[in-house]
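Data block below; observations after.
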Amino acid sequence: MQFALSSSPHLDKTQSVTRVMGTVLLALVPGTLAMFWYFGWGVLINIGLAIATAMAAEAAVLILRQRAPLPVLMDLSAVLTAWLLALALPPLLPWWQTVLGSAFAIVVAKQLFGGIGFNPFNPAMAGYVLLLVSFPVTMTRWLPPDIVSGTSLTLADSLHIIFAGSPPPGMSWDAISSATPLDQMRSELLQNRMISEIRESPLWGDFGGRGWEWIGNWFLLGGLFLVWRGIISWRIPASMIGALLLVAGLFWAIDPDTHPFPAFHLFSGGMILGAFFIATDPVSASTTPRGQLVYGALIGLMVFVIRTWGGYPDAVAFSVLLLNMAAPTIDYYTPTRIFGQRDRHET
Amino acid sequence: MINAIITIAGMAALFGLLLGYSAIRFRVEGDPIADQVDALLPQTQCGQCSFAGCRPYAEAIAAGEAEINRCPPGGEATMIALAELLGRDPVPLEDEQAADKPKSVAYIVEDECIGCTLCIQACPVDAIMGAAKQMHTVLTDECTGCELCLPPCPVECIHMHPLEDTPQTWRWPFPRHAASGAGHG
Amino acid sequence: MAEQKSPWRFHGGLHLDHHKAESNTTPVRAIPLPPRLTLPMQQHIGQPAEPVVRVGDTVDKGQTIAHAVDYVSATIHAPTSGRVVEIAKQAVPHPSGLQDLCIVIEPDGEERWTELPEPWPDYTAIEDADLRERIRWAGIVGLGGAAFPTAVKVNTSGRRAIDTLVINAAECEPYITCDDRLMREQAPDVIDGIAILMHLVGARECLIGIEDNKPEAADALRAEIARREAREIRVVVVPSVYPSGGEKQLIKLLTGKEVPSQGIPSAIGIVCQNVATAVAVADAILRGRPLIDRVVTVTGRGVAKPGNFRVPIGTPAAFVIEQAGGYSDEIFQLILGGPMMGFSLHDDRVPVTKAGNCLLAASREEAPGIDDERPCIRCGQCVTVCPVQLLPQQLFWYAQAHDFDKVQDYHLFDCIECGCCAHVCPAHIPLVHYYRYAKTEIWAQERERYKSDLARRRHEARLARTARLEAERKARLRQKKEALEKKPAGASKDPKKAAIEAAMKRVAAKKAAQQASRENTGTETASEAKD
């Protein structure tokens, strides 16, 4: 009788890459809906554009590499990359910039390095940084949350702005766009204004940017869901947020007039999204348990440094990319203490 | 201008002294290169490299007189190990066919052996037992499979038997059932 | 008696579906004798045993048929009376599917016992060395699956004193229930064996580690302990987290101590034995019986009537499956051992050996076979579950790159191949297969290195000898020359060369004659075959 042969363990596998990526996508839904709620159709249009571009780009590269595209597309990693990129983009970004960023993320940052599992940098953040340094004007032209501006753009208006590149007749950029709270904080601090003055702006909510703080909460919910499901480890988000709060708290305690309170850092930009969804991208992050703590903490620190003294208002993307480079070194110096190894607590 | 020259000269002198000191202080009395090379060679003593054994080949490599790709029994693994040791670039094996041959040991068909002792003299590792006009036999555990005993045998009674895997020596094959998309190997 | 639970934990591990109920509800059944018993000479870790019978010999049940040739080796006995019909290479249960030396016995059905050594009910009066020799004679090896010779493991003389005997009754692999049934049905034998082992290794206490999914077995043991008032023996319930039955993991669960990496339990004053091994020891000491059968779990959806069977060693797997009602339509893979660490059999004619605790006839759903392997996404799930706290993805990376130095830097040889990492891997990478590949390659390299060192020494010795002989010859020649200075040297043909030439001519003539006779008759003659 002929039997199937395989190496142990023989039990059916419990997990698959598709399921991991799918779970992360699911966890993004509440935060994404919150963004839609505050920033309108542009958010969803960006996501749709980015995903379509990513899938097409990935399929094209795979065909060029003479591999079957379908099994790879099925792992949903390209969808996740595109989705994360789109969340980081201003909601009314011209369509071709979204397409360019998404294609760059997939083709250059991911597939040229060998595809899933081989990219040293987080593809979504690579795409974002490419756009940010190439198109600083459009990339910093955010919308105020509609609770601030009181007006909300219709689907047609949004489509018009994104595809035509200019506001529909009767509207001007000044009327519909605004800086992000982080951007505003930065530019006004540069003009030597006090935190208490800056905070009088309608962009500010209870502890972060208005609207932003709620978006952060919803992403936090999704992130905690991922930790609970065991998809991501608690170490990277905890150490990243912890380090940021610690150092921000320190500076705030020293000089609360020129350093915003710590919660502001957490709830005004991409910090929550970055901590739970971007820095935790397993391929480009540190993988040893102690290494993850170091990696997360250094990202948190770097975010504060760049936000406070750097040239860009938000810093999650740069910090993640910088630490991506350091991840292999961190792993090398933080091996686990294996069972029965005599170095630390010996019985 | 003068300042720059003095600075550069001073730095050169400083680093020179430093290097000179470390060369003396931290000198490594390692194995001579030939010994290290010899340790990597498979010691079949087969002469397929055109040298009279592993040691002479090792000495030739160490002296830079021979390429590192001339050892078929060692195969690619040995070539790469040598390349790493010597900091040379890996080169394709000179005789790939010979390297692909399965590991074998000599076997004497005892009924045909005439007891001439020529093979005993040819064996570089004394792995053949026998005496004049007595049939000879190969110590399988000691045989390196160099085939040097084949040509001298006047009656061609020595054959090479490939070594068969036993459950004790069997190796797990390299797993290769990657699906499309796993694009690396 | 209050249930004692272990307060300790080990890192990682998995909660798996137990699948114990399929096979643990019915008592262990005896099976009839198969038409042939095949006994591999290597059923244990160490040197293969050497046959001491010849083809055609009649053997009695329990008679020694192969001797342990080394300290680490195990004796093999005839499981029944019969005739030795073959001593040759046969298919053996091994992941390679290769053949190995076996003794094949055809039972005569008489079950005629050989003369057994005397039972030692009062074993405390016997010398330790004699007790160990009896265990060695009985051919007992670890019956949990590792098959390490027990006589070696209980020899603790000259090493650190042993405080604790740990009995491994965890049976943490899904599906397997042979130890469960054994404990329920033979609790007195288990405790007897434990008492002997404790006496032998000088342990003050014994901890029986048993998973919480075997309450009946735990109760049976506790009842027996209570009856004997053996307070030094305690049953400790451990949570069913796979691999709680790994030796080092169980010791951690029971004592909180970690066996040193690359070390053995006796380094921290512990000896660990499987529960079935304890029963075999009791059989050998109290009844003078060698190890000739064992309890085997036959289970999985691929077999009609799962259950446990007392199987003579050497019974073909197919015969055991028949006793369990034969295969069902769902049979897909036949696994020897459990689903996490067992290996798939190429052929069901291979015999059950001492280490064979389970025949898992798995359906495609239970054991789907080879998966498509995707690239590692470095998710770290493997790190989370590894009970040895290794970095499985780094091991995989270097094993895949054939970097055998690096893979050892990451402690490859501490890996117990439990399969947790591969089970949770979302990329479906057969991680354990990669580790096994690397391990066997490293062993092969070590063998090669050993061989090449040997060859170098022999070659150098030969060079030294030829140089010496040459020098001696020259010295002799010089002496001769001096002695025979005046006589002219006569040129004559080297007698040796002449002899060889003559011999060559003879052989050539013989070959030609044979050639001629073959051409004449066209068939092989008996005289040729003799040649």
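Protein chains in written order, with my numbering: chain G, 1 to 347; chain P, 348 to 532; chain X, 533 to 1063.
Even for Gly, the Cβ is constructed at its ideal location relative to N, Cα and C.
Note to self: Against chain X, does PHE545 (chain P) count as a neighbour if the rule is that its beta carbon must be under 7 Å from one of theirs?
What the structure shows: The displayed coordinates of chain P run from 348 to 532. Any statement about residue 545 (chain P) would go beyond what the structure contains.
Next item on the list: Under the assumption that HIS599 (chain X) contacts GLU618 (chain X) (Cβ atoms under 8 Å), give the Cβ distance between them as a whole number of angstroms.
Entry: About 19 Å; that fails the 8 Å criterion.
Next item on the list: Would you verify that the beta carbon of ILE116 (chain G) is, or is not, closer than 7 Å to some beta carbon of chain X?
Entry: yes
Item checked: Chain-ordered residues of the segment 846–879 of chain X with a beta carbon less than 7 Å from chain G -> PHE864, GLN865, LEU866, ILE867, PRO871, MET872, MET873, GLY874, PHE875, SER876, LEU877, HIS878
Next item on the list: Pull out every residue of the segment 926–949 of chain X whose Cβ sits closer than 7 Å to any Cβ of chain G, in chain order.
Entry: HIS943, ASP946
Notebook entry, point to check: Run through DSSP, which three-state label would TRP214 (chain G) get?
Noted result: helix
Notebook entry, point to check: CA-CA distance, ALA478 (chain P) and GLU503 (chain P)?
Noted result: 18 Å
Check: Quick one: what does DSSP say SER895 (chain X) is sitting in, helix, strand or coil?
Finding: strand
Check: So, VAL17 (chain G) versus PRO958 (chain X), is the Cβ gap smaller than 7 Å?
Finding: yes
Notebook entry, point to check: Straight-line CA distance for LEU44 (chain G) to ILE272 (chain G)?
Noted result: 20 Å
Notebook entry, point to check: Which chain X residues sit within Cβ distance under 9 Å of ASP473 (chain P)?
Noted result: ARG990, HIS991, ALA993, ARG994, ARG997
Next item on the list: Please confirm if TYR966 (chain X) has its CB atom under 7 Å from at least one CB of chain P.
Entry: yes
Item checked: Straight-line Cα distance separating VAL811 (chain X) from LYS552 (chain X) -> 22 Å
Next item on the list: Using a Cβ-Cβ cut-off of 7 Å, state whether LEU130 (chain G) counts as contacting chain X.
Entry: no
Notebook entry, point to check: If you drop the 5 nearest sequence neighbours on each side, which residues of the same chain put their C-beta closer than 7 Å to that of ALA327 (chain G)?
Noted result: SER284, ALA285, SER286, TYR295
Checklist line | Three-way DSSP call (helix, strand, coil) for PRO1038 (chain X) in this model | finding: The sequence as given places Arg at residue 1038 (chain X); Pro does not occur at that position. DSSP places ARG1038 (chain X) in helix when its eight states are reduced to three.
Next item on the list: Tell me whether GLN574 (chain X) sits in a helix, a strand or coil according to DSSP, three-state version.
Entry: coil
Next item on the list: Report the residues of the segment 486–519 of chain P with a CB closer than 8 Å to any CB of chain X, ordered along the chain.
Entry: GLU489, THR491, PRO501, VAL502, ASP512, THR513, PRO514, GLN515, THR516, TRP517, ARG518, TRP519
Notebook entry, point to check: At what residue ranges does the segment 92–160 of chain G contain a whole run of the beta strand (DSSP E), taking only runs of 3 or more?
Noted result: none
Next item on the list: Determine, using beta carbons only, whether VAL939 (chain X) and VAL884 (chain X) come nearer to each other than 7 Å.
Entry: no
Notebook entry, point to check: Does the beta-carbon distance from ASP632 (chain X) to SER613 (chain X) come in below 7 Å?
Noted result: no
Checklist line | Beta-carbon proximity of GLY270 (chain G) to ASP314 (chain G), cut-off 7 Å | finding: yes
Margin query: Distance cutoff 7 Å, beta carbons only. Does ILE461 (chain P) sit that close to anything in chain X?
Written below: yes
Notebook entry, point to check: With a CB to CB cut of under 7 Å and the five nearest residues on each side skipped, what residues in its chain are close to LYS837 (chain X)?
Noted result: ALA856, GLY857
Margin query: Between which two residues does the alpha helix (DSSP H) holding ARG979 (chain X) run?
Written below: 963–1015
Next item on the list: Enumerate in chain order the residues of its own chain whose CB-to-CB distance from ALA279 (chain G) is below 7 Å, with the five nearest sequence positions on each side excluded.
Entry: ILE236, MET240, ALA285, GLY296, ILE299, VAL320
Notebook entry, point to check: So which residues on chain X does GLN390 (chain P) lean against when the C-beta distance must stay under 7 Å?
Noted result: SER984, ALA987, ARG988, HIS991
Next item on the list: Answer yes or no: do ILE783 (chain X) and VAL791 (chain X) have a C-beta to C-beta separation smaller than 7 Å?
Entry: yes
Note to self: Taking CB distances under 7 Å as the criterion, tell me whether PHE373 (chain P) reaches chain X.
What the structure shows: no
Note to self: Just to make sure I have the definition right: I need the residues of chain X whose C-beta is within less than 7 Å of the C-beta of GLN341 (chain G). Which are they?
What the structure shows: SER793
Margin query: Looking at the ligand ZN, does it come within less than 6 Å of ASN217 (chain G), judged from the CB to the closest heavy atom?
Written below: In terms of ligand content, the structure shown is empty, and the ligand ZN therefore cannot be addressed.
Check: What span of residues does the beta strand (DSSP E) with MET240 (chain G) cover, start to end?
Finding: Segment 235–254 is the alpha helix (DSSP H) holding MET240 (chain G); no beta strand (DSSP E) there.
Next item on the list: Please list the partners that MET1 (chain G) has in chain X, where partner means a Cβ-to-Cβ separation under 7 Å.
Entry: ASP880
Check: Going along chain X, which residues have a C-beta under 8 Å from ASP12 (chain G)?
Finding: GLU897, GLU898, ALA899, PRO900
Note to self: Bridge partners for LEU465 (chain P) per DSSP, in chain order?
What the structure shows: DSSP, once it has assigned bridges, lists no residue as partnering LEU465 (chain P).
Check: Would a check of beta-carbon distances place VAL644 (chain X) closer than 7 Å to chain G?
Finding: Rather than Val, the amino acid found at residue 644 (chain X) in this sequence is Arg. Answer no: the Cβ-Cβ gap between ARG644 (chain X) and chain G never drops below 7 Å.
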